[in-house]
């Protein structure tokens, strides 16, 4: 720069300063003229110095002044494009100006700056993207062009901001964002890397245009080598809870990418095989085509999906069958390989099904699981015969384990029922219950044979206990005070069942030397239980008196037992009295059932069905047959015509109408117990039998 130019720069600088000061206080029309005249004053060297003050003019309240300021900034950018970052923010604000010329010229200037100095615009990308949904005329088209130009120079930064627009809830904004990404990807396809996750989600959009644009962008990015595309597609292909539309579009996109590199999609083969049974025929068709594309060069990549493809050959839909045929042709599966593969697949699936069924029953088949694992490995290696052998062995082992489990379970159930029945008979089965508990633990550990043996042993022990079980009533009495004559003396008696069966109808009988008052009968005494009877004794004399005690009781089956206890007690004032326990010598005495005839029969058996019923039943509760004939029907006052029973006050038969016969005489002796009867009695006072008229 020469001396003349320096002088001119200094002179123009002073004039610009004075003119900028006059602008602040001038009228609107005057301000417009002053801003227009500033162009003639600026030289390139003065642009950085006065650029902030010129930028302040964009905040003027007059739109014409703001427009002249935009034109002035455009002129200054041509003169000196460096250090223009201070003007970017106010220029972005002019996009929403009320005057169209201001919006248009501001966007033009921003476009020029973005082309020459893109880094100065990048800090304001968020604001620019937010203006895309501005309905003001003249904004969207130039702003879109601006962002596309900027995206071609800085794709990562622009893509990061455009991702915010990819919201399917705002269809038009989403379409605009996809169009800009399409324009950017035409020159910078790898710049789409950051937008891939959102684009994959848009594959499931209901808007066909959005769906198509997203698939096109993902194809471009995948073919350009963006590694995140196949990874994210794989999630959509293998996910459990994936929208059916998203799965369909993901399969279609994966086909295009698998044409170049099928390896990233191999982990999706299992899910694709399951998709061949999807309810939508489109998904079944595309899954078959994708399997063919993946395995066209190497059949082993899709070996696990070939059985499903074979089943798809019989699909109900023509297009699915055609796709399966094309896939099998691409994979080049021979008829021999297909037959062996199908047999191995069926054997493996059968073994898996049996194992799942057995496992659901809680049966452990660890060894069978190992065989299934060996079968899978053989299948993947192409060793189909080995796979069949392992699968058959696993299935047999699982079936055998299931049978053993059923036998053990049946043995435990039988043991439980047997023990319950024996326990209901009043027999103690404690030892057998311990064995049954051990059997249940062994069953929980899947040791079926040992569990069955323990259950069978529990049944044997319980049955032995049932055969040898009998009640054993032991009596203990404590004499605390001297017995007094002519008085009631407390005499508590303790009864304990030390046997292994329930005792019923327990009766205590005392000798004639003592009168007794209190409960001397007990209905039931369980095994191991104790019962205290509060009795009182009244001596029938003084001095040494014998105390005899007869204990009678029955088992639950009616077996009769009788024991006798004997003690000698002193009644009266004794010089030296010591409390003592009575009947000690008889505590451990063995109990033997009394084989004498029991006067009362507790049970009778029906001669028709063999059911055992109480002896006082007249009718069998199972078959309804009469057990005892009614004596009042065989003898008594009856009609001579129809043999119907008649009461003494009847004159005619109620069944046939014949006249009643002469009144019989009332019996004077009971036909059952030979007790004397009065004429007015209807029942015997000795045995309770009805009076039979003879």
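Residue numbers (the numbering used here): 0 to 693. Yeah, the Cβ is synthetic: ideal placement off N, Cα and C, and Gly gets one too. All of these numbers come straight from a predicted model, not from anything done at the bench.
Suppose you measure from the CA of residue 406 to the CA of residue 451; what does that come to, to the nearest Å? 7 angstroms
Please confirm if the stretch 131-143 is in contact with the stretch 102-109, defined as three or more CB-CB distances below 8 angstroms between the two stretches. yes
Evaluate the contact criterion for the stretch 368-379 versus the stretch 390-405: three or more CB pairs, one atom per stretch, below 8 angstroms. yes
Whose CA, out of 283, 513 and 343, lies closest to the CA of residue 315? 283
If contact is defined by three or more beta carbon pairs under 8 angstroms, each pair taking one atom from either stretch, is the stretch 273-292 in contact with the stretch 303-319? yes
Assess contact between the stretch 490-499 and the stretch 531-541, defined as three or more Cβ pairs (one per stretch) separated by less than 8 angstroms. Is contact present? yes
Residue range of the unbroken alpha helix (DSSP H) whose run includes residue 492: No alpha helix (DSSP H) holds residue 492; the beta strand (DSSP E) holding it covers 488-496.
Following the continuous alpha helix (DSSP H) through residue 136, name the residue where it begins and the one where it ends. Looking at the DSSP string, residue 136 is not in any alpha helix (DSSP H), and its letter there is neither H nor E.
Residues of its chain near residue 430, where Cβ-Cβ distance is below 6 angstroms and the 5 sequence neighbours each way are ignored: 460
From 474, 222, 617 and 500, pick the residue whose C-alpha is nearest to that of residue 550; which is it? 474
Are residue 548 and residue 512 closer than 8 angstroms when you measure CB to CB? no
Own chain residues within Cβ distance below 7 angstroms of residue 295, not counting five before or after: 329 and 330
With H, G and I counted as helix, E and B as strand and the rest as coil, what does DSSP make of residue 335? Residue confidence is low: residue 335 scores 48 on pLDDT, short of 50, so the model does not pin down where it sits. Its coordinate-derived value is still stated next. It is helical.
Residue 12 versus residue 72: straight-line alpha-carbon distance, rounded: 17 angstroms
Exposure of residue 221, with buried meaning 16 or more beta-carbon neighbours within 10 Å: buried
Taking all protein chains shown into account, do 16 or more other C-beta atoms lie within 10 angstroms of the C-beta of residue 660, making it buried, or fewer, making it exposed? exposed
Who are the Cβ neighbours of residue 427 in its own chain at under 6 angstroms, not counting the five residues just before and after it? 499 and 526
Would DSSP call residue 689 helix, strand or coil? strand
List the residues that DSSP assigns as beta-bridge partners of residue 565. 547
Would you mind sorting residue 488 into buried or exposed? The rule is 16 or more other CB atoms within 10 Å of its CB. buried
Taking residue 613 as part of the alpha helix (DSSP H), name the residues at either end of that continuous run. That residue, residue 613, is in no alpha helix (DSSP H); its beta strand (DSSP E) goes 611-613.
Alpha-carbon spacing of residue 57 relative to residue 156, whole angstroms: 27 angstroms
Count the other C-beta atoms from every protein chain shown that fall within 10 angstroms of the C-beta of residue 520, then say buried if there are 16 or more, exposed otherwise. exposed
Separation of residue 226 from residue 182, as counted between CA atoms: 21 angstroms
Using only alpha-carbon positions, find the residue among 349, 435 and 408 that is nearest to residue 419. 435
With 16 other CB atoms within 10 Å as the buried threshold, where does residue 536 fall? buried
Consult DSSP for residue 466 and reduce its assignment to one of helix, strand or coil. helix
Could you check the C-alpha separation between residue 210 and residue 76 for me, to the nearest Å? 42 angstroms
Apply the 10 Å Cβ neighbour rule to residue 673 and answer buried if 16 or more other Cβ atoms are within range, or exposed otherwise. exposed
When burial is assigned at 16 or more other CB atoms within 10 Å of the CB, is residue 83 buried or exposed? buried
Considering just the uninterrupted stretch of the alpha helix (DSSP H) at residue 76, what are its terminal residues? 62-78
Extent of the continuous alpha helix (DSSP H) run through residue 104: 99-115
With a CB to CB cut of under 8 angstroms and the five nearest residues on each side skipped, what residues in its chain are close to residue 128? 146, 160, 161, 163 and 164
Is it right to say residue 468 is buried, meaning 16 or more other beta carbons lie within 10 angstroms of its own, or is it exposed? buried
Pick helix, strand or coil for residue 479, following the three-state DSSP scheme. coil
Please classify residue 518: does DSSP put it in a helix, a strand, or coil? coil
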